[in-house]
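Here is the structure we will look at.
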Amino acid sequence: MSQGKIINRFIDADKEPTKTLTPIEGYEKKDLVSVENAMAEIEPPIHNLKTMVWTAKRNSRNPLDGLTSDESASIHLYTLEWPEAHQSVYTLLNEKLRSEKRSELQSWYSYLKLFLTALYKLPSLKKTIWRGIHGNVMDLYQEDFIWWGISSCTETMKVMEKFVGRSGIRTLFMIECINGKAIKSHSFYKDENEILLMPGTYLRVIDKWSPANDLYIIHLQEETPPCQLVAPPFNQPSSENSFSFNKLTINKFNQLNDPDTCAQSYESKTTTLLSSPPTYKNQKLRQMIHENNDNSVLYLSNEQLTDNDMEIISYYLLRNNTVRCDYC
């Protein structure tokens, strides 16, 4: 692929609004549909969309990470490059995410639901990643800010320099992320170790310096925002038997014999135990449970568990054990 095309989404931080926008919500109420149906709703229609969707779907017939074919295809489609005369999906979507007119995003709701559902299923990475931009923007980044678009980043400074260049005035962002999403397994470009930051990523400036002439570096740290900026891609469970909370602590029965500990616990909810493994798959949750096998406490912070997720916990963790739920 030509370098001139891919750098657009790796160095487009200058397209981010300078003011705080209203939260993004409403899309999460849409039903999950196929990638074909999701893209058919977008207005105005995208050039050669049918062929590009067909390409993405064919390349996503054996998806990894527990994603469905349509979920994987939604990521694949996001990475595809349209001919130079036409805008790619990532350009069009980010324009809407960064627009102060939230109504402009509505025709993208079904695709956004599918795309963010796919990203939420991927493991969240906590590591240092890189992004870049042409010019010196040191004075524009003060204290904290929000990137409303989906931010494409690289794993190393060296790779980012291929996009932003090694000469001329440029700024590199060194980002300590906590929710990075590695999409290599679902990208059209397998040789690019692209890591995405979710829309509405809240960042704090840690440091700024200039290590060389015309090179500026801004050290950023991703933080949990003080309020919800983008609704998660699913409806919060509303039935009385559903769990709707940010943190869940699960203690195995043999760790709850202390009366003082039990007295401090909230009332346990009774969960119907499944006799066979649930058909619903959440690879990230199952991996967390597997890795926690030898521990007595499992912390699920900000995982936004659904009814289907609770069935997985019920089968793999809660049989013959007691649940303690701590609400935060």
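Using our numbering, read the sequence shown as starting at 1207 and increasing by one per residue. No residue lacks a Cβ here, since even glycine has one placed at the ideal position from N, Cα and C.
Rounded to whole angstroms, what is the Cα-Cα separation between residue 1226 and residue 1356? If you take the alpha carbons of residue 1226 and residue 1356, they lie about 16 Å apart.
Tell me where the alpha helix (DSSP H) around residue 1242 begins and ends. First-last of the alpha helix (DSSP H) with residue 1242: 1241-1246.
Taking buried to mean at least 16 other C-beta atoms within 10 Å of its own C-beta, is residue 1219 buried or exposed? Within 10 angstroms of the beta-carbon of residue 1219 lie 16 or more other beta-carbons, which makes it buried.
Could you say which of 1348, 1303 and 1390 lies nearest to residue 1285 if we only look at CA atoms? Distances from the CA of residue 1285 to each of 1348, 1303 and 1390 were compared; the closest alpha carbon is that of 1390.
Distance between residue 1418 and residue 1338 (C-alpha atoms, nearest Å): Straight-line Cα distance between these residues: approximately 15 Å.
Quick one: what's got a C-beta closer than 8 Å to residue 1409's C-beta in the same chain, skipping five residues either side? Excluding its 5 nearest sequence neighbours in each direction, residue 1409 has C-beta neighbours in its own chain below 8 Å: 1350, 1351, 1352, 1353, 1381, 1426, 1427, 1428 and 1429, listed in chain order.
Where residue 1462 falls: helix, strand or coil (DSSP): Because the pLDDT at residue 1462 is just 37, under 50, the model does not fix this residue reliably, and the value given afterwards should be weighed accordingly. In this structure, residue 1462 counts as coil in the three-state DSSP scheme.
Have a look at residue 1422 and residue 1344 and give me their C-alpha separation to the nearest angstrom. Between residue 1422 and residue 1344, the C-alpha separation is close to 7 Å.
Assign residue 1260 to one of three DSSP states: helix, strand, or coil. Reduced to three states, the DSSP call for residue 1260 is helix.
Per DSSP, which residues does residue 1360 bridge with? Please list them. According to DSSP, which records beta bridges pairwise, residue 1360 is partnered with 1336.
Since I believe residue 1234 is in contact with residue 1439 (beta carbons under 8 Å), could you give me their beta-carbon distance rounded to a whole number of angstroms? A Cβ-Cβ separation of about 5 Å places residue 1439 in contact with residue 1234 under the 8 Å criterion.
If we call anything under 7 Å between Cβ atoms a contact, is residue 1599 one with residue 1297? An answer regarding residue 1599 cannot be provided, because it is not within the stretch 1207 to 1534 covered by the chain.
Burial state of residue 1282, where buried means 16 or more other Cβ atoms lie within 10 Å: Per the 10 Å Cβ criterion, buried.
Measuring alpha carbon to alpha carbon, tell me which of 1279, 1397 and 1346 ends up nearest residue 1414. It is 1346 whose Cα lies nearest to the Cα of residue 1414.
According to DSSP, is residue 1434 helix, strand or coil? Note: residue 1434 maps to coil in three-state DSSP.
How is residue 1388 classed by DSSP in three states: helix, strand or coil? Looking at residue 1388 - three-state DSSP - the assignment turns out to be strand.
Determine the closest residue to residue 1229 out of 1252, 1307, 1516 and 1341, with distance taken between C-alpha atoms. Among 1252, 1307, 1516 and 1341, the Cα nearest to that of residue 1229 belongs to 1307.
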